[in-house]
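Below: the structure, in structure tokens.
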Amino acid sequence: MTVYLPDGKALDLPEGATAKDVARALGPAWEREAVGAIVDGELYDLLKPLPEGAKVRLLTEKDPEYQLLFRHTLAHVLAQAVKEFFAEKGYDPESVKLGVGPVIEKGFYYDIDAPEPISDEDLPAIEEKMRAIIAKDLPLRRFVLPREVALSRYQGKDPYKTELILDLPEDEEISFYQQGDEAYGFTDLCRGPHVPSTGRIPPHFKLTHVAGAYWRGDEKRPMLQRVYGVAFRTAEELKEYLWQLEEAKKRDHRRLGRELELFLIDPMVGKGLVLWLPKGNVIREELMAFMREEQIKRGYQLVTTPHIGSLELYRTSGHYPYYAESQFPPISFKERGEEEEYLLKPMNCPHHIRIYAFKKRSYRELPLRLAEFGTVYRYEKAGELLGLTRVRGFTQDDAHLFCTPEQVKEEFLGVLDLVLKVLSTLGLKDYRARIGTRDPKSDKYVGDEAKWSLAERQIEEAALEAGLHYTVEEGDAAFYGPKLDFVVKDALGREWQLGTIQVDYNLPERFGLTYVGPDGAEHRPVMIHRAPFGSLERFIGILIEHFAGDFPLWLSPEQVAVIPVSEKQEDYAREVAARLRAAGLRAEADLRPERMQARIRDAEVQKVPYVLVVGDREKAEGTVSVRRRHRGNLGSMPLAAFLEGVLREYRERRLEPVF
RNA sequence: GCCGGUGUAGCUCAGCGGUAGAGCAACCGCCUCGUAAGCGGUAGGCCGCCGGUUCGAAUCCGGCCACCGGCUCCA
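649 is the number that the numbering used here gives to position 645 of the first sequence; each next residue is one higher, with no gaps.
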């Protein structure tokens, strides 16, 4: 057979040759250094036979793909170590059954059905066994078995592997990787790729935690134990990762929320229910004021609707009983003889729809844009709740745009512009856009296929026109329509959906909405659901982590702290603070009987953007000594000059300080 | 909801069968101070809740609750 090297040179090799043979042909240095190969753009190890005519580029430990190889092998080493761990406890190694063990972002995991729970305390012992396996430098071998033989290895012993084999397509090769030999080693069903021997795994890895994980992600199936690990090429990378993890924990919005007194989640009030403290509420109010301004500029009208609605309303919309599992149960008065039942509102759209329907609408009124900071309640599963990012009661910056089919694209683009304005105003650059489409195999969607396709096409066209980078994810649509979501990661790498724009042809149909067109006939409007922040709770949670608590001036709960050097300047400090407040700023004089240094420190720790230190000199001259958060003393200036600058920073919602 | 872990003062944590501790915060007092913690004192606890084992439980066991890490779900 013939393969081609990156420089175009052909290499003749015997049939069934691997990248290892390529390395050998290139000389002893390559034979020693090679760990894998890129074959026709695909990552191969040294063990898998090359296809005829392949373009082969060998990889060494310097190539980034090396990480994928040894992380994958580490998963196998982990599995072997866990089997040994339980064997030592007196269990039959066969009683440790294996699910899947893939490579993930910074490392790997393996899903294991163990005879008894694995706890975090077991990890050091397992890790030690892994290091021993690596030290033995067990060579890896790849082999292929016919389906029947492969099945017989696992049937009656390991139901997970059996199922994996049964689910492989008929024409797929069933490969195994063996490290070591029959006497000492481990063999796993695996498509690879791997490093050529366990000794090629750098020792810079660490088992991090254990968690339950349903077999194949299905909550109706057994739960396996997932052991997670991280692994890097160098000790520095591992150290850096662990350091970053510590730093990320300091940004955690739950921690900062308490330290900065922003919000409280009190079990006595109820889990997943947020109490906004005065300081956190400032952030909410500022964000709402910002959104109100933007919406009014863009022709929205504001409405207010109640927190509950009749069950009939949600039966019509389809939210009930479709989402019954994640709703607080209906409020019923049947025992008092009243038939009517209510639902704590899980969505605002039905209320807004009824506002649309309250009178006959003309095409001249469209698009009609109804906006509301609507608080909704959803009964999220207890184990899902997380700080501000996953709660049971939250406020959406919700709006529904009712328009003609012809107006959909323009309206969608208008909303997209608003979402991007929100993201840029807050400096959120690290987001991804995701178009959620309908999964044709699922029956959770309402409405006919033609309308779905139309809506999906319109979203994609608008996204393309706006030059947005996006991914399309099938099955991520709402039950009534496809959507464009903006997704960000929190400090610990978890993804959260913030803004969303949804095109909906179905709810107008279900509610029988119409408008009178220029032709005098009745037509069906289209709805766009949208929430640029998504939920204020989640959005602020993400903002806290994004800024690490160092909010830009316009969002800072306390914007200026005035600190007199000693008691002698208290009157001046009070006067300065009063002038700032009169100008609309959030300013306080700190008159506590602490040393000036201590009060400055407190202001820093509380992340107040500006501290004005005033002593005898400032008092005499009518100036203030300006100190910027994290930057230190900037020197003195007239109070009027400071005020002018800081007001500009505030009103323009600047991310960067003026001083 | 499921698997594993953790609950000690407002916060961070020590104590892990024998009368409950520290630092910070709070409160009181002294110091009157020039850009990130001045000094001294006082008070603060059903050791998450309920039950069990024990002469004796913060400590061991069980149940419940809350939280943490994942999984599942997310209009």
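Note that CB positions come from ideal geometry on N, CA and C, so glycine has one too.
Q. In this structure, what does DSSP give as the bridge partners for G229?
A. What you label residue 229 is simply residue 225 of the first sequence in a count that begins at 1. Residue 229 is actually Gln in this sequence, not Gly. DSSP lists I116, G216 as partners of Q229.
Q | Where A481 falls: helix, strand or coil (DSSP) | A | Sequence index remark: in the first sequence, residue 481 carries index 477 (1-based). Under the three-state reduction of DSSP output, A481 falls in the coil class, being neither helix nor strand.
(Q) One question on the structure: do Y181 and R146 come within less than 8 Å of each other, judged by their Cβ atoms? (A) Counting from 1 along the first sequence, the entry for residue 181 is found at position 177. Counting from 1 along the first sequence, the entry for residue 146 is found at position 142. Note that the C-beta distance between Y181 and R146 is below 8 Å.
Q. Where R590 and V564 are concerned, what is the direct C-alpha to C-alpha distance, given to the nearest angstrom?
A. Residue numbering aside, residue 590 sits at position 586 when the first sequence is read from its first letter. Residue numbering aside, residue 564 sits at position 560 when the first sequence is read from its first letter. So the two alpha carbons sit approximately 7 Å from each other.
**Q.** 4 or more residues per run - each alpha helix (DSSP H) lying fully within the region 303 to 365
**A.** 315 to 321, 323 to 326, 353 to 360
Q: Following the continuous alpha helix (DSSP H) through R145, name the residue where it begins and the one where it ends.
A: Residue mapping note: residue 145 aligns to position 141 of the first sequence, counting from 1. Taken as a continuous stretch (DSSP letters only), R145 belongs to no alpha helix (DSSP H), being part of the beta strand (DSSP E) at 144 to 148.
Q.
I need the boundaries of the alpha helix (DSSP H) containing V153, first residue and last residue.
A. Start at 1 with the first residue of the first sequence, and residue 153 comes out as number 149. 151 to 158 is the span of the alpha helix (DSSP H), which, as asked, contains V153.
Q. Alpha carbon to alpha carbon, how far is V628 from A586?
A. For this step, residue 628 is matched to residue 624 along the first sequence. For this step, residue 586 is matched to residue 582 along the first sequence. Taking the straight line joining both Cα atoms gives about 17 Å.
(Q) According to DSSP, is R621 part of a helix, a strand, or is it coil? (A) Start at 1 with the first residue of the first sequence, and residue 621 comes out as number 617. Looking at R621 - three-state DSSP - the assignment turns out to be helix.
**Q.** F294 burial status per 10 Å Cβ neighbour count (16 or more: buried)
**A.** Start at 1 with the first residue of the first sequence, and residue 294 comes out as number 290. That one is buried.
Q: State the start and end residues of the unbroken alpha helix (DSSP H) segment that holds E167.
A: Here residue 167 is taken as the residue at index 163 of the first sequence, counted from 1. Counting along the chain, the alpha helix (DSSP H) containing E167 begins and ends at 163 to 171.
Q: Leaving aside the five residues before and after R657 along the sequence, list all residues of the same chain whose C-beta is less than 8 Å from its C-beta, in chain order.
A: As a first step, residue 657 is located in the first sequence; it is residue number 653 there, counting from the start. Once the five neighbours on either side are set aside, the close Cβ partners of R657 are F294, T429, P556, W558.
**Q.** Cβ-based neighbour list, D443, same chain, cut-off 7 Å, excluding 5 preceding and 5 following
**A.** Your numbering for residue 443 matches position 439 in the first sequence. Closer than 7 Å at the Cβ level, and outside the excluded window around D443, lie E478, G479.
Q: Since I believe G221 is in contact with R230 (beta carbons under 8 Å), could you give me their beta-carbon distance rounded to a whole number of angstroms?
A: Translated into positions along the first sequence, residue 230 becomes position 226. Translated into positions along the first sequence, residue 221 becomes position 217. So it is not a contact: roughly 11 Å between Cβ atoms.
**Q.** For W34 and V491, the rounded distance between their alpha carbons
**A.** Reading the first sequence from its first residue, position 487 is the one you call residue 491. Reading the first sequence from its first residue, position 30 is the one you call residue 34. Straight across, the Cα-Cα distance linking V491 with W34 is about 43 Å.
Q. Between which two residues does the beta strand (DSSP E) containing M531 stretch?
A. For the purposes of this step, residue 531 is taken as the residue at position 527 of the first sequence. It spans 530 to 535 - the beta strand (DSSP E) in which M531 sits, taken as one unbroken run.
**Q.** C-alpha distance - E653 paired with P661, whole-angstrom precision
**A.** Here residue 653 is taken as the residue at index 649 of the first sequence, counted from 1. Here residue 661 is taken as the residue at index 657 of the first sequence, counted from 1. Roughly 7 Å between the two C-alpha positions.
Q. DSSP state of V43, grouped into three classes?
A. Within the first sequence, the letter at position 39 stands for residue 43. Correct three-state label for V43: strand.
Q: Check the C-beta distance from H533 over to Q506 and give it rounded, since I have them as a contact under 8 Å.
A: Walking along the first sequence from the start, residue 533 turns up at place 529. Walking along the first sequence from the start, residue 506 turns up at place 502. Contact flag correct, Cβ pair sits at about 4 Å.
**Q.** Pairwise C-alpha distance: Y346 and L268
**A.** Locating residue 268 in the first sequence gives position 264, counting from the first residue. Locating residue 346 in the first sequence gives position 342, counting from the first residue. Their backbone Cα atoms lie some 29 Å apart in a straight line.
Q: Can you say whether E98 is buried or exposed, counting buried as having 16 or more other CB atoms within 10 angstroms of its CB?
A: What you label residue 98 is simply residue 94 of the first sequence in a count that begins at 1. Counting Cβ neighbours within 10 Å, E98 comes out exposed, since fewer than 16 surround it.
**Q.** DSSP bridge partner residues for F377 (one or two, in chain order)
**A.** If you number the first sequence from 1, residue 377 lands on position 373. Note: F377 sits in a beta bridge opposite D401.
**Q.** Unbroken stretches of the alpha helix (DSSP H), 4 residues or longer, contained in the region 558 to 589
**A.** Here the runs fully enclosed are 574 to 586.
Q: Mark W456 as exposed unless 16 or more other C-beta atoms lie within 10 angstroms of its C-beta, in which case mark it buried.
A: Counted from its first residue, the first sequence places residue 456 at position 452. Its Cβ being crowded by 16 or more others within 10 Å, W456 is buried.
**Q.** Top-ranked residue by Cα proximity to S336, from V630, S314, H355
**A.** Taking the first sequence and counting its residues from 1, one reaches residue 336 at position 332. Ranking V630, S314, H355 by Cα distance to S336 puts S314 first.
Q | Outcome for R368 when other beta-carbon atoms lying within 10 angstroms are tallied against a minimum of 16 | A | As a first step, residue 368 must be located in the first sequence, where it is residue number 364. R368 comes out exposed.
Q | Same chain, Cβ closer than 6 Å to V419, five either side skipped, listed in chain order | A | On the first sequence, position 415 is the one that residue 419 refers to. Same-chain partners within the cutoff: I505, R534.
Q. S123 by DSSP, collapsed to three states: which one?
A. Reading the first sequence from its first residue, position 119 is the one you call residue 123. Three-state result, S123: coil.
Q: If I'm right that E592 touches E622 with Cβ under 8 Å, what's the distance once you round it to whole angstroms?
A: Here residue 592 refers to the residue found at position 588 when the first sequence is read from its first residue. Here residue 622 refers to the residue found at position 618 when the first sequence is read from its first residue. With 8 Å as the limit, E592 and E622 do not qualify as a contact, their Cβ atoms being about 17 Å apart.
Q: Alpha carbon to alpha carbon, how far is P613 from A644? Give it in angstroms, no decimals.
A: The sequence position of residue 644 within the first sequence is 640, counting from 1. The sequence position of residue 613 within the first sequence is 609, counting from 1. Between A644 and P613, the C-alpha separation is close to 18 Å.
Q. Is the beta carbon of I137 sitting closer than 8 Å to the one on Q84?
A. Along the first sequence, one-based indexing puts residue 137 at 133. Along the first sequence, one-based indexing puts residue 84 at 80. The answer is yes: Cβ separation under 8 Å.
(Q) Please identify the residue among A495, P163, L427 whose C-alpha is closest to the C-alpha of L659. (A) Indexing the first sequence from 1 puts residue 659 at position 655. Of the candidates A495, P163, L427, the one whose C-alpha sits nearest the C-alpha of L659 is L427.
**Q.** Three-pair Cβ contact test at 8 Å for the region 195 to 206 versus the region 77 to 94
**A.** yes
Q: Out of T475, D508, A481, F398, point me to the one whose CA is closest to H404's CA.
A: For the purposes of this step, residue 404 is taken as the residue at position 400 of the first sequence. For the set T475, D508, A481, F398, the Cα lying nearest the Cα of H404 is the one of D508.
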